């Protein structure tokens with residue numbers, strides 16, 4: 001059974017909701033999932049899982065979660081070769097060019113760790129409430145599992 005670590009950072013609760021949806025979708029696909037808040041998690045915990053997911057928020061004008069800065073800075077220093085990663089998050093399109101910037105920055109940090117991107121980043125406007133949002137997050141989870149499975153052949 002594949003394993004996954006889902007790490008989230010949230011202010012409004014929207015990213016925790018996204019993480020919960022991703023966790024449930026992964027579990028429905030037969031993955032054993034451990035979900036935690038970013039300030040309670042060390043980046044090197046990803047070494048113990050097959051699939052690694054971060055769900056960060058973007059603050060103000062493109063700022064990363066303050067409570068996740070150590071995590072973010074440690075991530076590219078790790079060797080996560082053979083791991084599958086994905087990044088998703090909610091933001092507010094009101095911030096235009098700063099919309100979900102943290103999602104892209106965490107994806108770049110994962111790439112430096114030599115992990116394999118298992119799904120395109122997902123960006124959700126505000127709360128993940130629409131059927132479309134749920135479909136995107138479910139498809140994200142499925143793509144991660146499909147790419148993990150393909151990497152094991």
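Residue numbers (full-length UniProt numbering): 1 to 153. Glycine included, each C-beta is placed from N, C-alpha and C at the ideal position. The model shown is predicted, which means the values in this text are computed figures rather than measured ones.
On the DSSP bridge assignment, give the partners of residue i in chain order.
i           : result
residue 123 : 89
How big is the Cα-Cα spacing for residue i and residue j?
i           : j           : result
residue 145 : residue 61  : 33 Å
residue 117 : residue 85  : 5 Å
residue 19  : residue 112 : 23 Å
residue 38  : residue 97  : 24 Å
residue 53  : residue 88  : 8 Å
residue 106 : residue 8   : 12 Å
residue 128 : residue 67  : 22 Å
residue 65  : residue 150 : 33 Å
residue 125 : residue 63  : 17 Å
residue 45  : residue 136 : 26 Å
residue 50  : residue 94  : 35 Å
residue 59  : residue 143 : 28 Å
residue 121 : residue 92  : 16 Å
residue 138 : residue 132 : 10 Å
residue 100 : residue 10  : 13 Å
Among the candidates the options, whose CA atom is the shortest distance from the CA of residue i?
i           : options            : result
residue 4   : 139, 23 and 143    : 23
residue 56  : 79, 13, 49 and 111 : 13
residue 73  : 83, 82, 102 and 91 : 102
residue 110 : 83, 123 and 90     : 83
On the premise that residue j lies in contact with residue i, defined as a C-beta separation below 8 Å, what is that separation, rounded to the nearest angstrom?
i           : j          : result
residue 158 : residue 75 : Residue 158 lies beyond the residue range present for the chain, which begins at 1 and ends at 153; the question has no answer from this structure.
Problem - Whole alpha helix (DSSP H) elements within the UniProt domain "Flavodoxin-like" (4 to 145), 4-residue minimum - result: List check, alpha helix (DSSP H) in window: 14 to 28, 69 to 74 and 101 to 112.
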